Each structure stands twice: as C-alpha cells, then as structure tokens.
Amino acid sequence: MSDISQGRDVIGQENEAKIVELLRIMLKQAIYLMDLLPGIESKASGLLFTSFTSLKNIFFAAKSGTAEQNNC
Numbered sequence: 001m002s003d004i005s006q007g008r009d010v011i012g013q014e015n016e017a018k019i020v021e022l023l024r025i026m027l028k029q030a031i032y033l034m035d036l037l038p039g040i041e042s043k044a045s046g047l048l049f050t051s052f053t054s055l056k057n058i059f060f061a062a063k064s065g066t067a068e069q070n071n072c
C-alpha cells in the first residue's frame with residue numbers, strides 16, 4: 001500500500017470517528033429535549049431522524065469515495 005493510500009485510510013477513519021461522535025451528541029440532545037419538554041417527542045424524533053439520515057448519507061458517501069480512491 002502506498003503512503004498516499006495509507007494517508008487516505010487514516011483520514012477516512014478519522015472522519016468516521018467524527019461522524020459517529022456527532023451522531024452520539026445528536027442522540028443525547030434529542031433525548032434531553034424529549035425529557036425537558038413534554039409533548040415534543042414527535043418533533044424531536046422527526047428532527048433526529050432527519051439529522052441521522054443526512055449524516056448517514058454523508059458517512060456512506062465519504063466511505064464509498066475513500067474506497068473508490070483506494071482502488072485507483
């Protein structure tokens with residue numbers, strides 16, 4: 001494996017860790033909001049689902065982009 005490929009792998013792993021941490025923070029915030037404000041469950045869960053879906057799409061796009069670069 002070349003130094004460039006290894007560098008891309010490290011960057012990809014760091015980005016994955018950041019995205020996972022963002023998801024963890026968002027989940028904690030959604031749970032906090034649901035506990036704090038009665039009746040907001042549906043709005044908080046909708047916001048969480050939208051945010052999670054967006055981050056999931058970013059995560060998989062970044063992951064597939066890294067895989068494509070490594071195959072070149």
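Counting in full-length UniProt numbering, the sequence shown runs from 1 upward without gaps.
For glycine and all other residues, C-beta sits at the position ideal for the given N, C-alpha and C.
Since we're looking at a predicted model, the values are computed, not measured.
Whole angstroms is fine: what's the gap from Tyr-32's alpha carbon to Ala-17's?
Here residue 32 refers to the residue found at position 32 when the sequence shown is read from its first residue. Here residue 17 refers to the residue found at position 17 when the sequence shown is read from its first residue. Each residue's Cα considered, the two are about 23 Å apart.
What separation, rounded to the nearest whole angstrom, lies between the Cα atoms of Lys-56 and Leu-37?
Here residue 56 corresponds to residue number 56 of the sequence shown, with the count starting at 1. Here residue 37 corresponds to residue number 37 of the sequence shown, with the count starting at 1. About 27 Å.
Are the Cβ atoms of Met-51 and Met-34 separated by less than 8 Å?
Counting from 1 along the sequence shown, the entry for residue 51 is found at position 51. Counting from 1 along the sequence shown, the entry for residue 34 is found at position 34. Checking the displayed sequence, the identity of residue 51 turns out to be Ser instead of Met. No, they are not a contact pair.
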